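*Asks:* Mind the numbering: the sequence shown is residues 10 to 361 in our numbering, read in order.
Virtual Cβ for every residue (Gly too), placed ideally from N, Cα, C.
If you're wondering where the values come from, they're calculated on a predicted model, not measured in any experiment.
One structure coming up, written as structure tokens, with questions to follow.
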Amino acid sequence: MIDRATGLRLATYNVEWFNALFDDHGRLLDDREPSTRYKITRGEQLAALAIVFTAMDADGITIIEAPDTNGRRSTTRALETFASAAGLRARKAIIGYPSETEQEIAFLYDPDRLTARHAPQGHPSTSHGSQDAPRFDTTFRYDLDADNISETIRFSKPPLELALTTKGGAHLRLIGVHAKSKNPYGAIGREAQIRLSIENRRKQLAQCLWLRQRVEAHLAHGDSLVVLGDFNDGPGIDEFEKLFGHSGIEIVLGTSPDPATRLTDPHAAMALQSKVGIAPTSARFYLAPQKRFFEALLDFIMVSPDLAAKSPEWRIWHPFNDPRILETPDLREALLQASDHFPVTIDLPDVI
Numbered sequence: 010m011i012d013r014a015t016g017l018r019l020a021t022y023n024v025e026w027f028n029a030l031f032d033d034h035g036r037l038l039d040d041r042e043p044s045t046r047y048k049i050t051r052g053e054q055l056a057a058l059a060i061v062f063t064a065m066d067a068d069g070i071t072i073i074e075a076p077d078t079n080g081r082r083s084t085t086r087a088l089e090t091f092a093s094a095a096g097l098r099a100r101k102a103i104i105g106y107p108s109e110t111e112q113e114i115a116f117l118y119d120p121d122r123l124t125a126r127h128a129p130q131g132h133p134s135t136s137h138g139s140q141d142a143p144r145f146d147t148t149f150r151y152d153l154d155a156d157n158i159s160e161t162i163r164f165s166k167p168p169l170e171l172a173l174t175t176k177g178g179a180h181l182r183l184i185g186v187h188a189k190s191k192n193p194y195g196a197i198g199r200e201a202q203i204r205l206s207i208e209n210r211r212k213q214l215a216q217c218l219w220l221r222q223r224v225e226a227h228l229a230h231g232d233s234l235v236v237l238g239d240f241n242d243g244p245g246i247d248e249f250e251k252l253f254g255h256s257g258i259e260i261v262l263g264t265s266p267d268p269a270t271r272l273t274d275p276h277a278a279m280a281l282q283s284k285v286g287i288a289p290t291s292a293r294f295y296l297a298p299q300k301r302f303f304e305a306l307l308d309f310i311m312v313s314p315d316l317a318a319k320s321p322e323w324r325i326w327h328p329f330n331d332p333r334i335l336e337t338p339d340l341r342e343a344l345l346q347a348s349d350h351f352p353v354t355i356d357l358p359d360v361i
């Protein structure tokens with residue numbers, strides 16, 4: 010295990026198809042059958058995840074692509090079974106609104122250090138939608154293509170909104186996010202791929218505008234706020250960003266010069282300020298046509314000004330770019346086997 014700082018440690022971790030590692034009763038499929046990870050068995054992926062979660066030693070982890078909740082399956086049951094098997098102190102799970110997919114957003118936490126309550130904000134919209142930050146499981150309206158006609162936007166994975174209270178009595182608001190992918194899945198031909206990529210980027214940006222409205226409400230209320238997860242986006246990540254002026258990440262962080270209205274994430278700031286393409290990365294994908302790996306910064310932890318003033322420490326658990334991990338072979342290999350994303354953590358001093 011790598012030493013951790015004192016205070017509160019929160020994490021975000023996209024676990025690739027975590028759902029496929031459990032049966033309908035939430036039991037671990039700890040066997041030699043193939044997982045959805047290339048050339049990795051379910052048992053190997055589970056063992057790798059146990060190593061990663063143990064090393065992180067976080068008080069609370071927002072899990073992106075958590076196991077499914079439906080009429081037969083339970084996210085919380087599956088995650089708590091995993092936590093028990095791995096011997097994690099973060100052993101209590103909570104979700105918000107279930108998604109329309111087999112991937113949920115969940116929070117796994119240490120009940121001796123935190124309490125967590127599902128605390129959705131905003132009012133439910135009608136089927137027509139609302140332009141005023143409606144509840145995340147309803148419908149937002151926004152003019153995506155500047156034709157004076159607003160379109161309806163929904164989250165396939167509604168953001169998870171939690172009210173957290175630490176053992177010492179500190180209160181935080183947390184929003185866990187899995188924003189829409191911009192990849193043109195299913196499009197055939199270059200023109201169709203471009204059209205779908207632009208449409209998906211518009212939808213991703215609209216989701217980020219919706220999130221930003223919620224962020225502004227929390228900041229106006231004086232809340233200590235953490236917004237974290239997989240945004241499927243980052244500054245300069247694709248050629249369509251110039252068409253829209255800003256990336257989704259910039260929108261959620263805030264574009265006003267007033268520091269009181271802005272969130273902070275130093276990894277995003279590095280990417281925005283980089284002039285030579287030097288930026289941190291949090292995900293690693295294999296592109297078969299090019300026969301090589303591609304890396305991107307997709308996972309973020311953004312905090313409100315009051316939390317940023319505590320000088321927190323952010324960390325991307327990258328197996329090759331973090332010297333402490335590079336020198337820990339078991340953890341390095343576990344991170345490569347566990348998922349195509351790497352965890353991101355934040356240590357918040359004086360929040361206990």
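Which complete beta strand (DSSP E) runs does the region 138 to 175 hold, if anything under 3 residues is left out?
*Replies:* Listed in chain order, they are 149 to 151, 160 to 162 and 169 to 175.
*Asks:* For residue 84, count neighbouring C-beta atoms within 10 Å of its own C-beta (all shown protein chains included) and say buried if the count is 16 or more, exposed if not.
*Replies:* It counts as buried.
*Asks:* State the start and end residues of the unbroken alpha helix (DSSP H) segment that holds residue 339.
*Replies:* Residue 339 -> alpha helix (DSSP H) spans 338 to 347.
*Asks:* Provide the residue span of the beta strand (DSSP E) that contains residue 294, from first to last.
*Replies:* Looking at the DSSP string, the run of the beta strand (DSSP E) that includes residue 294 is 292 to 296.
*Asks:* Rounded to the nearest angstrom, how far is the Cβ of residue 360 from that of residue 310, given a contact under 8 Å?
*Replies:* Not quite, the Cβ-Cβ distance comes to about 13 Å (not below 8 Å), so this is no contact.
*Asks:* For the beta strand (DSSP E) holding residue 91, just list the boundary residues, first then last.
*Replies:* First-last for residue 91: 84 to 95, but that is the alpha helix (DSSP H), not the beta strand (DSSP E).
*Asks:* Relative to the C-alpha of residue 122, which residue among 18, 266, 221 and 34 is closest?
*Replies:* Selected option, being the one with the closest Cα: 18.
*Asks:* What distance in whole Å lies between the Cβ atoms of residue 264 and residue 255, which are believed to be in contact at a cut-off of 8 Å?
*Replies:* That belief holds up - the Cβ atoms of residue 255 and residue 264 are roughly 6 Å apart, short of 8 Å.
*Asks:* Let me confirm a value: residue 336 is counted as buried when at least 16 other C-beta atoms fall within 10 Å, else exposed. Which label applies?
*Replies:* Classification for residue 336: exposed.
*Asks:* Just how far apart, CA to CA, sit residue 114 and residue 102?
*Replies:* If you take the alpha carbons of residue 114 and residue 102, they lie about 11 Å apart.
*Asks:* Determine the contact status of residue 319 and residue 357, defining contact as a CB-CB distance below 8 Å.
*Replies:* Contact flag set, yes.
*Asks:* For residue 48, is the classification buried or exposed, using 16 other Cβ atoms within 10 angstroms of its Cβ as the cut-off for buried?
*Replies:* Counting Cβ neighbours within 10 Å, residue 48 comes out exposed, since fewer than 16 surround it.
*Asks:* Rounded to the nearest angstrom, how far is the Cβ of residue 76 from that of residue 28, given a contact under 8 Å?
*Replies:* Contact holds; Cβ gap of about 4 Å.
*Asks:* Taking 8 Å as the threshold (C-beta atoms), are residue 118 and residue 218 in contact?
*Replies:* Contact flag unset, no.
*Asks:* Might you give, ordered along the chain, the residues of its own chain that have their beta carbon closer than 7 Å to the beta carbon of residue 341, omitting 5 neighbours on each side?
*Replies:* For residue 341, where only same-chain residues beyond five positions count, the Cβ hits under 7 Å are 328, 334 and 335.
*Asks:* Using the C-alpha atoms, what's the distance from residue 230 back to residue 55?
*Replies:* C-alpha separation (whole angstroms): 41 Å.
*Asks:* Can you list, in chain order, the residues of its chain whose CB lies under 8 Å from that of residue 32, leaving out five sequence neighbours each side?
*Replies:* For residue 32, where only same-chain residues beyond five positions count, the Cβ hits under 8 Å are 38.
*Asks:* On the DSSP bridge list, what partners appear for residue 358?
*Replies:* Its beta-bridge partners do not exist; DSSP assigns none.
*Asks:* Contact check, residue 62 vs residue 95 under 8 Å by CB: the rounded distance?
*Replies:* So it is a contact: roughly 6 Å between Cβ atoms.
*Asks:* Looking at the structure shown, is residue 258 part of a helix, part of a strand, or coil, going by DSSP?
*Replies:* If DSSP states are grouped into helix, strand and coil, residue 258 belongs with the helices.
*Asks:* Check this for me: beta carbons of residue 274 and residue 292, under 8 Å apart or not?
*Replies:* No, these two residues do not count as a Cβ contact at 8 Å.
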